[in-house]
Amino acid sequence: MRVMLVAGARPNFMKVAPILANLESRGIESILVHTGQHYDAALSDAFFRDLEIKAPDHHLEVGSGSHAVQTARVMEAFEPVLLDEAPDWVVVVGDVNSTLATALVASKLKAEVGCHVAHVEAGLRSRDWRMPEEVNRVLTDQLADLLLTPSRDARQHLEAEGIDAARIRFVGNVMIDTLLRRLPAARERATPAAHGLRAHEYAVATVHRPSNVDGAGELRTILESLGAVARSLPVVLPLHPRTAGSIERHGLGGLLEPLTITPPLGYLDMLGLLDQARVVLTDSGGIQEETTALGIPCVTLREQTERPITVTEGTNRLAPWPLSEAGVLEAFSAAMADGAERRPAPDGWDGKAAVRIVDALLDPGAGAR
Ligand code: UD1
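Count along the sequence shown from 1, add 10, and you get the number used in my numbering.
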């Protein structure tokens, strides 16, 4: 069996790392394709280093662009690589543009290449079609032969969309494999102290969703809200390049003054910072899951979440919508008041998802197309 894995953007790297490691441990050949959707050292190279991911076998170097341009570039560059490598499986992860672009190419070349497509993190739904990731998720799930779900609730979304139950396999959350494996190394780095922060006496914030940061009004509300939080607890904000660009464009740099700003952090530094935080405020999908796994209260700065299990079984809560300073402060206070009792991790968030993923590739069952 030869398995091609695709990664393109920051949130993909922690999902491919344990799958690559498990394939290697079983002596199964892997081919890693990096689309180059993210290319900055801080968004890409740092993750390869921290997660000990092998150098990509193919780097497509597509870079940034509009959705159409980026998706098209990935498709054009991926097609000859797929034809040439002809793997048995193409495994795509998550919900970024690279995920959909490569799943689409592979599903149309299946007969010619003799491959099948597997989607890791299948079945998450926000029900908000304005989110580019929702479009990517729903379409990738329709295209994939094998749908590997991170939580039990994902199956019902897939079946409701007409996907044959035989194509769906619950494997658990592979990102948590990486978290559990890397936590000791993250703690060793003492990242909070390096930023002058004391354990459990600071908040971590991240914002990068276009709907939150591209418009001046929304971005101003969020930065002012974080400034209000900073009156009671230091707030560290690692700045995504999209957010940094928007702050500059809208002349909102002054609102960063009460916050501790850092460049985007590598995997270990970010995990080390989250692990010791009192509260986290974020619009990231992955961080909602990481805080649940770590038992750190999280306030999600979005209207809805495609990861409701982090609310029902974890430490997450949504800030009142539309976002306002008063609403964010209310959710922040509630998060601060959360008890320290740890809930058991959701089913399948146990560090063994990659084993189950590779098991599923080896034996997809009669139902997988
Ligand atoms: C992408 C994903 C999003 C994910 C996020 C994590 C899609 C639709 N979105 O959003 O789901 O949560 O990655 O970061 O795939 N840029 C750089 N350096 C880079 C990459 C991007 O400076 O290495 C800047 C460019 O100005 C670019 C902008 O960030 O135009 C946005 O990058 P892009 O990959 O289009 O989307 P993200 O907002 O990062």
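All residues carry an ideal CB built from backbone N, CA and C; glycine is no exception.
Where residue i falls, given that 16 or more other Cβ within 10 Å makes a residue buried
| i | result |
| --- | --- |
| Glu171 | exposed |
| Gln80 | buried |
| Gln166 | exposed |
| Ala128 | buried |
| Thr253 | buried |
| Gly276 | buried |
| Gly104 | buried |
| Ser35 | exposed |
| Asp373 | exposed |
| Pro97 | buried |
| Glu228 | buried |
| Trp331 | exposed |
| Gly18 | buried |
| Asp285 | buried |
| Pro354 | exposed |
| Val71 | The amino acid occupying residue 71 in the given sequence is Glu; Val does not appear at that position. It is exposed - the Cβ of Glu71 has fewer than 16 other Cβ atoms within 10 Å. |
| His210 | exposed |
| Asp55 | exposed |
| Arg20 | buried |
| Gly46 | buried |
| Gly295 | buried |
Contacting residues, own chain, Cβ-Cβ under 6 Å from residue i (five flanking each side not counted)
| i | result |
| --- | --- |
| Pro66 | Leu42 and His44 |
| Thr301 | Val290, Cys308 and Thr325 |
| Arg219 | Asp293 |
| Asp187 | Pro28, Gly361, Ala363 and Ala364 |
| Thr231 | Leu333 |
Residues near residue i by beta carbon distance below 8 Å, same chain, minus five either side
| i | result |
| --- | --- |
| Leu93 | Leu119, Glu122 and Val123 |
| Gln152 | Glu171 and Ile173 |
| Met11 | Ile38, Glu39, Asp98, Trp99, Leu371 and Leu372 |
| Phe23 | Ala17, Ser54, Phe57, Phe58, Leu61, Ile63 and Tyr277 |
| Ala154 | Val102, Ala113, Ser117, Val127, Ala128, His129, Ala132 and Arg177 |
| Pro142 | His77, Asn107 and Pro220 |
| Pro273 | Ala52, Pro248 and Leu249 |
Spatial distance of residue i from residue j (CA atoms)
| i | j | result |
| --- | --- | --- |
| Ile257 | Ser334 | 18 Å |
| Leu30 | Ile63 | 8 Å |
| Ala240 | Met14 | 45 Å |
| Ala195 | Leu189 | 10 Å |
| Tyr212 | Ser40 | 41 Å |
| Val223 | Val217 | 7 Å |
| Pro28 | Val365 | 9 Å |
| Thr150 | Arg192 | 29 Å |
| Leu114 | Val101 | 12 Å |
| His69 | Ser76 | 20 Å |
| Glu86 | Leu249 | 31 Å |
| Met280 | Ala176 | 38 Å |
| Val16 | Thr112 | 8 Å |
| Glu198 | Ile297 | 20 Å |
| Leu157 | Arg208 | 42 Å |
| Glu316 | Pro268 | 31 Å |
| Ala344 | Arg327 | 9 Å |
| Leu110 | Asn146 | 5 Å |
| Ala287 | Arg352 | 15 Å |
| Thr322 | Glu340 | 19 Å |
| Ile271 | Glu169 | 43 Å |
| Ala204 | Gly282 | 11 Å |
Closer than 8 Å to chain B by CB, residue i
| i | result |
| --- | --- |
| Gly349 | Protein chains in the displayed structure number just one, and chain B is not present. |
Nonlocal neighbours in the same chain, by C-beta distance under 7 Å from residue i, ignoring five residues either side
| i | result |
| --- | --- |
| Leu387 | With the chain covering only 11 through 379, there is no way to say anything about residue 387. |
| Leu278 | Asp60, Arg192, Ala195, Ala196 and Arg199 |
| Arg83 | Val72 and Gly75 |
| His260 | Ala226 and Leu229 |
| Asp369 | none |
beta-carbon residue i near the ligand ZN non-hydrogen atom, thresh 7 Å
| i | result |
| --- | --- |
| Ala240 | For the structure depicted, the ligand ZN is absent and the ligand set comprises only the ligand UD1. |
request  = Would you list the residues whose beta-carbon is nearer than 7 Å to any heavy atom of the ligand UD1, in the order they occur in the chain?
outcome  = Ala19, Arg20, Pro21, Gln47, His48, Tyr49, Asp50, Leu53, Ser54, Ser74, His77, Gln80, Asp105, Val106, Asn107, Ser108, Pro142, Glu143, Asn146, His218, Pro220, His250, Pro251, Arg252, Gly255, Ser294 and Gly295
inquiry  = Below 8 Å, how does it come out for the stretch 259-271 and the stretch 309-317: are there three or more Cβ pairs, yes or no?
reply    = Verdict: no, contact absent.
Given 8 Å, three or more beta-carbon pairs between the stretch 223-240 and the stretch 332-348 = yes
query = Counting Cβ pairs closer than 8 Å, one from the stretch 156-163 and one from the stretch 136-145, do we hit at least three?
reply = no
Touch test, the stretch 345-361 against the stretch 172-183, Cβ-Cβ under 8 Å, three pairs minimum = Below 8 Å, enough C-beta pairs join the stretch 345-361 and the stretch 172-183 to call them touching: three or more.
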